[in-house]
Amino acid sequence: MTEHIPEEQLILHYYGELPESPAIDDHIGSCPQCRGEYHALQRVLNSVDSAPVPSRSADYGQQVWSRVSSKLPGARRKWFAFSQRWVAIAAMAGLVVCAFLAGRYSPHSSDTAPVATAAGSTQVRDGILLVSVRDHLERSQVVLRELANSSETAMDITPERTMAGSLVEANRLYRQTAAATGEASVVNILDDLERVLLEISNSPDNISAAQLAELRNRIEAQGLLFKVQIIGSKLRDRVSMPPAPLTKTKL
Amino acid sequence: MEESDEAAITLALAGDGDGFRILVERYSRGVFRLACRMTGNEFDSEDVVQETFLRAHRQLTSYESRSSFSTWLYRIAANYSLDLLRSRRRHEDRHTSTTVEGVDVLDNISTPAPGQDRMYFSAQIKEKLESALGELSDQERTAFTLRHFEGMSIEEIGEVLTIGTSATKNSIFRAVRKLRDALQPLTA
């Protein structure tokens, strides 16, 4: 081999995709230019390996199984009372999603649908969504408060972890619905909330003082509890108000 | 003794939930890593993990052992990650055009910058890398991720992307070239 090796060949060589690798190795060994080029390529591709991905705890597979198994048809299920309750909540969220999407995207023809009926169904739909999101935020607040206000240096967070894991499911449904319908503020709050819930649910049962402090920092740095309280309070007000003439409103 | 993938698949196909549980517990972390590299987003990756196993369960009867189970599973994960990237892009386009209406109370509360999501890239080279990966097309990113991180063959990657061998190679070449442009000044 007398000519220099093209970049494409060097890339395939790096990945072991070339049958004539020994000849290329020989050439790289004897040609300073190709050797320099290959080493530069190696440095770049090796640096790509240095990019870590977020870590997951050793029992991550079991956590995934507990989420997935409930959704498998015919899978053997071992339900505990509390998980039944949370699956019901997730199912409720799913129903709300469907109702919300259906209402949002159903064509409303002024010729065929009386305005009052359309407005009424929109009010019912929005009402269900408001109540569901409000309840979801209230449940989430319980978890966040428990951790944010804890005075312990290390603690067993099994109940909070379990609850956070269950809330992630419902949260995801609400967030996806909000994203699909362009509800930016709801997406933002649920996005923030999901990150923290996920972090809590992926934590070990017994967390150290440092891990607890990190969780508290996450909650406090984002002002999450404050935001959740504000939105929860707004939703409570709206739910308790008598039906207003409906225009397109944002949560 | 640890069950082999084949034994676990046989159990799962026979209706024994423990068979599929073994596979989920064995490959969850791998699927999560792949999804993170494909989507660049930790939270989308959780969606990918869950949906990958649901799809795998539905399609398990069509699994043929000519490729390893992990390759078959990662193919499902890569395809779903691609779907997610595309729908995210569509949503971002639509979102940009719908957020102009009205001002919301939450707009006045500071929210973390999107960059804070990427908690795993703190050093300069990692930031550059993330940015460079973001510049890749879906096809380039998928081809590169499957080749570089998952060690899939060119043919297997072509199957995932439903493109030929030459097109697969070209996607990898383009991806590597873009990464070199971005990273070489730092690694020299």
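Residue numbers (our numbering), protein chains in the order written: chain A, 6 to 256; chain B, 6 to 193.
Heads up, the beta-carbon is just placed ideally off N, CA and C, and yes, glycines get one too.
Check each candidate in the options and name the one with the smallest Cα separation from residue i.
| i | options | result |
| --- | --- | --- |
| B/H62 | B/A187, B/A13, B/A172 | B/A13 |
| A/K76 | B/N84, B/L90, B/R60, B/A83 | B/R60 |
| B/P190 | B/A137, B/F154, B/A148 | B/A137 |
| A/V201 | A/L217, A/S213, A/S190 | A/L217 |
| B/Q55 | B/E132, B/T147, B/Y32, B/R71 | B/Y32 |
| B/C41 | A/E151, A/D64, A/V58, A/S52 | A/V58 |
| B/L141 | B/A19, B/D186, B/S171 | B/D186 |
| B/G45 | A/E42, A/Q38, A/A56 | A/A56 |
| B/L65 | B/E161, B/L184, B/G22 | B/G22 |
| A/E165 | A/S71, A/R72, A/N207, A/F231 | A/N207 |
| A/R72 | A/R144, A/L203, A/D30 | A/L203 |
| A/E199 | A/D242, A/W70, A/H141 | A/H141 |
| A/I194 | A/R221, A/I236, A/I205 | A/I236 |
| B/L134 | B/S92, B/I162, B/V181 | B/V181 |
| B/M81 | B/R95, B/R93, B/D52 | First, the amino acid is wrong: residue 81 of chain B is Ile here, not Met. Of B/R95, B/R93, B/D52, the residue nearest in Cα terms is B/D52. |
| A/S137 | A/R180, A/L152, A/S155, A/N154 | A/R180 |
For residue i, which three-state DSSP category applies?
| i | result |
| --- | --- |
| B/Q43 | Here residue 43 of chain B is Met; the residue named in the question, Gln, does not match the sequence. Of the three classes helix, strand and coil, the one that applies to B/M43 here is helix, per DSSP. |
| A/N207 | coil |
| A/C36 | coil |
| B/A83 | helix |
| B/E194 | The requested residue 194 of chain B is not part of the displayed model; chain B covers only 6 to 193. |
| A/A56 | coil |
| A/P27 | helix |
| A/A183 | helix |
| A/E199 | helix |
| B/R71 | coil |
| A/H44 | helix |
| B/R91 | helix |
| A/H141 | helix |
| A/Q227 | coil |
| A/L77 | coil |
| A/S62 | coil |
| B/G24 | helix |
DSSP puts residue i in a beta bridge; with which residues?
| i | result |
| --- | --- |
| A/M160 | A/I212 |
So the alpha helix (DSSP H) residue i belongs to, where does it begin and stop?
| i | result |
| --- | --- |
| B/D143 | 143-153 |
| A/Q68 | 65-74 |
| A/Y19 | 12-19 |
| A/N154 | No alpha helix (DSSP H) holds A/N154; DSSP gives it neither H nor E. |
| B/V165 | 159-166 |
| B/S176 | 170-192 |
| B/A17 | 10-18 |
| B/S136 | 129-140 |
Measure the CB-CB distance between residue i and residue j and report whether it falls below 7 Å.
| i | j | result |
| --- | --- | --- |
| B/Y79 | B/E155 | yes |
| A/V49 | B/T150 | no |
| A/D161 | A/D197 | no |
| A/T158 | A/A214 | yes |
| B/I159 | B/T170 | yes |
| A/V173 | A/A183 | no |
| B/S86 | B/M43 | yes |
| A/V148 | A/A175 | no |
| B/D143 | B/L90 | yes |
| B/V29 | A/V69 | yes |
| A/R61 | B/F58 | no |
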